[in-house]
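Scroll down for the structure; my scribbles are underneath it.
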Amino acid sequence: MHSDTPRPLTFVVVAMKVCALTALATFCLVALAQQSEPRSLAKREQPELATMLEQHNCLAPPTIAPWRRESAIIRSPLGELKHVPLDVGHLIEEGKADGELIAFCADPAP
């Protein structure tokens, strides 16, 4: 006995499911890769940054628990890496100050 669903329509539904699952898998892989980006980029491209991240127990912004944040590593508009107080890191994260937030750290700033 044949089903009531036409064959081309069944093919389209299966193709859409495959595309949706592929997109979901790609999204998950990209999210996982971006989560560890600051440390991996630092080790490859900037030994100074890698040292700062390790020395001050720093992690990418969403990774470290908010109650463990004591300071931040930022890149100033002139490209300098700085270990700064937490409030400066928050201002940069919110776009209220110039610079790039690299990571939040568990160590207090000097």
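When you line the sequence shown up against this note's numbering, it's residues 194 to 303, in that order. The beta carbon of each residue, even a glycine, is placed where N, CA and C say it ideally should be.
query: Contiguous beta strand (DSSP E) assignments of at least 3 residues, all confined to the region 236-291; result: 264-268, 274-278
query: Reference P301; option with closest CA among P201, K275, M209, V205; result: K275
query: Cα-Cα separation between R200 and V206, rounded to whole angstroms; result: 10 Å
query: Span separating the alpha-carbon of E247 from that of T215; result: 36 Å
query: The beta strand (DSSP E) enclosing A296, as first and last residue numbers; result: 293-298
query: P303 (DSSP reduced to helix, strand or coil); result: coil
query: Sub-7 Å separation of L242 and I267 beta-carbons; result: no
query: Best match in L202, C298, P303 for proximity to A253 [C-alpha to C-alpha]; result: C298
query: Burial state of G272 (16 or more Cβ within 10 Å); result: exposed
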